[in-house]
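Before any comments, here is the structure.
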Amino acid sequence: MSIDIMPSWMENLDDEDLAFIKKFVLCSGSLKEIAGEYGVTYPTVRLRLDRLIEKINVQEDLEAAPYVKLVKKLALDDKLDFDTAKILINAYNKETGREGK
0 MSIDIMPSWM
10 ENLDDEDLAF
20 IKKFVLCSGS
30 LKEIAGEYGV
40 TYPTVRLRLD
50 RLIEKINVQE
60 DLEAAPYVKL
70 VKKLALDDKL
80 DFDTAKILIN
90 AYNKETGREG
100 K
């Protein structure tokens with residue numbers, strides 16, 4: 000079975016990132032076990048995971064931008080009042096875990 004459509008959060012990941020994710024899943028998320036398989040220390044694996052998480056977060060932030068841009072544009076074009084725009088953006092950020100962004 001092959002996947003014809005790759006999830007958008009995976010689009011900017013390279014082959015090494017995908018291999019790491021696969022190993023992470025196969026090791027049931029045990030960073031200690033992954034460190035042993037790669038022959039590196041736990042902090043090295045933790046750093047690699049943190050960088051991978053940041054890569055995924057950046058991609059998700061880029062995907063969110065069109066919605067926020069649209070709401071702001073509607074407010075600037077007087078098609079949506081600023082209070083409503085603020086409520087929509089805050090609700091969207093809360094729902095997607097992007098509060099404070």
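Letter by letter, the sequence shown follows residues 0 to 100 of numbering that gives the first Met the number 0. Glycine included, each C-beta is placed from N, C-alpha and C at the ideal position. What you are looking at is a predicted structure, and each value in this text was computed from that prediction instead of being measured.
Just to confirm before moving on: does the CB-CB distance between residue i and residue j stay below 7 Å?
i	j	result
TYR37	LEU30	no
VAL67	ALA84	no
LYS22	ILE33	yes
Please classify residue i: is it buried, with 16 or more other beta-carbons within 10 angstroms of its beta-carbon, or exposed?
i	result
VAL44	buried
PHE81	exposed
On the premise that residue j lies in contact with residue i, defined as a C-beta separation below 8 Å, what is that separation, rounded to the nearest angstrom?
i	j	result
LEU12	LYS78	Going by Cβ atoms, the distance from LEU12 to LYS78 rounds to 37 Å, so no, they are not a contact pair.
Exercise. Flag this pair as touching only if the segment 75–89 and the segment 46–56 have three or more C-beta atom pairs under 8 Å; answer yes or no.
Key: no
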